[in-house]
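Colleague:
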Amino acid sequence: MKRLLSFLIIVGILAFAGFKAGVWWLTDQRMSEARAELSDYGVLERGSIGSSLDGRVILKQSRWQNFRLTQPLELGVLEFDAGSPQALLATLATPAPLPASWQLVIEQASMVLEPTMFRNWVTAGAEVDSGLTPLVALACAPDPRQQIGSGDLMRMGISAIEGDLRLEQRAEGIRAELNTATTGSLELDWPGARIALSGWEATLSSSAQPMSVTFRDAGLMRRLSAYCARETGLEVQEWAGNAVAALEAGLQARGYQASDQMLALYRQWLTEGGELIVAIQPRSEILGIPVRSEGEATTAQSVFYNGAGVPDIYLTEVEAPAPQLPLEALEPVVPREQPGVAQWYAQELDSAQQWIGRQVRVTLSNENQVEGRLVSVGERELEVSRTVAGGEVAYPILIRAIRQFEVWRRGRSD
């Protein structure tokens, strides 16, 4: 009996060690394959590998550095739960297909924000205008073409994006939850859907049921609308009206007209935030929003705002306007300098670097003017510092949005 007990203990220890070693080796192999597949896009660091006998594999201190971004995505804990040790080993040995039920949990995920999150070669390639009017345009600078960015979030007191993710595959479908510390939460519930490793298209075609999407902003939209309105010199409602007009123009450029209730809901969300629940069709070009012809009555989209149903959310087909050719920019007339007389003198933007620390006046393409001390000059933007409430605030301005650049100095003789 004693020998049998000793034998069972030894077998148990060997099985435990074999399971741990097998999970470690298989996980290391799968992560190496993933690292090779993603090598054209960035660098994946797996961190340390752990496991448990209930069918979980745990990665700690993993990291993903996208080549396009200046900051990495840090993953404190990444846990995959296959439901049983046998299912875990089978999944790691042959990932496709995935088990019928599984769960992925990511905790302590974070990305530190910088004023410029994209690398120069990325932003340089993005300068080419696609010609299609954007649907979302949230201006946060005197030039309305300068949209909200990571620098604005930092000035709002958001120095990093931090949160947790839970993705669960069940027999009934897919459920996902993303909770962040300062920017709200997102929940997805997609009945009948299954995640396929063969590609995103296979996942999209796995279910014809609508996906329920729940947004909760945690007060972000009130802060954002107040900040952007202040930066653009507008009242909050006026700023929101401009954003609604941009959405309307973007839809019309695509051949649609939004219903009055849809535009009103968008304005309300921009200024107040809250909880928004929408049913969408992921495979649809317009996400399943009902489209009406003139005079036709169809069902509206299922939308709930702060617990109350919102009726009459739909689009109407209209004729898209013909694209207009941009007008040629006129060369500004450069006045003759008066020697010794201090005033504004136009300068070439290429020479802006030599005027750092001097008072400058920038005229934007929309005729708005920004006046202050030139702080820095980069490849894509320059910063002008203005005195606000007893302190200095630096405002980034896109160089491509500048029509005229002037410096306060004394005139020089020819």
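Quick note: the sequence shown uses the numbering used here, first residue 460, plus one each step.
In this text, a Cβ means the ideal position worked out from N, Cα and C, and glycines have one as well.
For clarity, every value in this text was computed on a predicted model and none was experimentally measured.
Might you give, ordered along the chain, the residues of its own chain that have their beta carbon closer than 8 angstroms to the beta carbon of residue 568, omitting 5 neighbours on each side?
Modeller: Stepping through the sequence shown from its first residue, residue 568 is reached at position 109. Same-chain partners within the cutoff: 532, 533, 534, 535, 621, 622, 623 and 624.
Colleague: Helix, strand or coil: which one does DSSP assign to residue 786?
Modeller: Position 327 of the sequence shown, counted from the start, is the residue given in the question as residue 786. Bear in mind that a pLDDT of 45 at residue 786, under 50, signals an unreliable position, so the model cannot answer this.
Colleague: Between 538, 717, 831 and 688, which has its C-alpha nearest residue 566's C-alpha?
Modeller: In the sequence shown, the residue the question calls residue 566 occupies position 107. The option with the nearest alpha carbon to residue 566 is 538.
Colleague: Using a 10 Å radius around the Cβ and a threshold of 16 neighbouring Cβ atoms, would you call residue 864 buried or exposed?
Modeller: The residue you call residue 864 lines up with position 405 of the sequence shown. It counts as buried.
Colleague: Suppose the cutoff is 6 angstroms on Cβ atoms and the five residues either side in sequence are ignored; what does the same chain contact list for residue 721 look like?
Modeller: Taking the first residue of the sequence shown as position 1, residue 721 is located at position 262. Closer than 6 angstroms at Cβ, skipping near neighbours: 772.
Colleague: Where residue 787 and residue 504 are concerned, what is the direct C-alpha to C-alpha distance, given to the nearest angstrom?
Modeller: Here residue 787 refers to the residue found at position 328 when the sequence shown is read from its first residue. Here residue 504 refers to the residue found at position 45 when the sequence shown is read from its first residue. Residue confidence for residue 787 is low, a pLDDT of 43 falling below 50, so the modelled location carries little weight and cannot support an answer.
Colleague: Quick one: Cα of residue 841 to Cα of residue 729, how far?
Modeller: Here residue 841 refers to the residue found at position 382 when the sequence shown is read from its first residue. Here residue 729 refers to the residue found at position 270 when the sequence shown is read from its first residue. Their Cα atoms are separated by approximately 29 angstroms.
Colleague: Exposed or buried, which one is residue 669 when buried takes at least 16 other CB atoms within 10 Å?
Modeller: Counting from one through the sequence shown, the residue named residue 669 turns up at place 210. Answer is buried; the Cβ neighbour count reaches 16.
Colleague: So, for residue 594: in the same chain, excluding its five sequence neighbours on each side, which residues have a beta-carbon less than 6 angstroms away from its beta-carbon?
Modeller: Along the sequence shown, read from residue 1 onward, the residue named residue 594 stands at position 135. Answer for residue 594: 706 and 709, listed in chain order.
Colleague: Give me the Cα-Cα distance between residue 828 and residue 853, rounded to the nearest whole angstrom.
Modeller: In the sequence shown, residue 828 corresponds to position 369, counting from 1. In the sequence shown, residue 853 corresponds to position 394, counting from 1. If I take the Cα positions, the gap works out to 15 angstroms.
Colleague: Do the stretch 608 to 615 and the stretch 547 to 558 meet, that is, are 3 or more Cβ pairs less than 8 angstroms apart?
Modeller: Output reads no: the stretch 547 to 558 does not touch the stretch 608 to 615.
Colleague: Is there contact here, the stretch 634 to 641 with the stretch 654 to 662, by at least three beta-carbon pairs under 8 angstroms?
Modeller: These segments do not touch.
Colleague: Between which two residues does the alpha helix (DSSP H) holding residue 544 run?
Modeller: What you label residue 544 is simply residue 85 of the sequence shown in a count that begins at 1. Counting along the chain, the alpha helix (DSSP H) containing residue 544 begins and ends at 544 to 552.
Colleague: Quick one: Cα of residue 702 to Cα of residue 493, how far?
Modeller: Counting from 1 along the sequence shown, the entry for residue 702 is found at position 243. Counting from 1 along the sequence shown, the entry for residue 493 is found at position 34. Their backbone Cα atoms lie some 40 angstroms apart in a straight line.
Colleague: For the stretch 499 to 524, which segments carrying the beta strand (DSSP E) assignment without a break, of at least 3 residues, lie completely within its bounds, in sequence order?
Modeller: DSSP runs (the beta strand (DSSP E)) wholly in the stretch 499 to 524: 501 to 504 and 507 to 511.
Colleague: Skipping 5 residues on each side, what residues in its chain have a beta carbon closer than 7 angstroms to that of residue 678?
Modeller: Against the sequence shown, residue 678 aligns to sequence position 219. Closer than 7 angstroms at the Cβ level, and outside the excluded window around residue 678, lie 732.
Colleague: Given that a residue counts as buried once 16 or more other Cβ atoms are within 10 Å of its Cβ, and exposed if not, what is residue 652?
Modeller: To locate residue 652, count along the sequence shown from 1; it is residue 193. With 16 or more other Cβ atoms within 10 Å, it is buried.
Colleague: Please give the ranges of any beta strand (DSSP E) in the stretch 653 to 723, keeping only runs that are unbroken, at least 3 residues long and fully inside the region.
Modeller: Correct list: 670 to 675 and 715 to 717.
Colleague: Do you know how far the Cα of residue 688 is from the Cα of residue 870?
Modeller: Counting from 1 along the sequence shown, the entry for residue 870 is found at position 411. Counting from 1 along the sequence shown, the entry for residue 688 is found at position 229. Their Cα atoms are separated by approximately 38 angstroms.
Colleague: CB-CB under 6 angstroms to residue 564, same chain, minus the five flanking residues each way: which ones, in chain order?
Modeller: Counted from its first residue, the sequence shown places residue 564 at position 105. So the qualifying residues of the chain are 538 and 625.
Colleague: In the structure shown, what three-state DSSP assignment does residue 773 receive?
Modeller: Mapped onto the sequence shown, residue 773 falls at position 314. Coil, per DSSP.
Colleague: Is there at least one non-hydrogen atom of the ligand SAH closer than 8 angstroms to the beta-carbon of residue 545?
Modeller: Although the ligand SAH was asked about, the structure shown includes no ligands whatsoever.
Colleague: Using alpha carbons as the reference points, say which of 604, 774, 517 and 599 lies closest to residue 562.
Modeller: Along the sequence shown, read from residue 1 onward, the residue named residue 562 stands at position 103. Answer by Cα proximity: 517.
Colleague: Compute the Euclidean distance between the alpha carbons of residue 521 and residue 485, then round it to the nearest angstrom.
Modeller: Here residue 521 refers to the residue found at position 62 of the sequence shown. Here residue 485 refers to the residue found at position 26 of the sequence shown. If I take the Cα positions, the gap works out to 17 angstroms.
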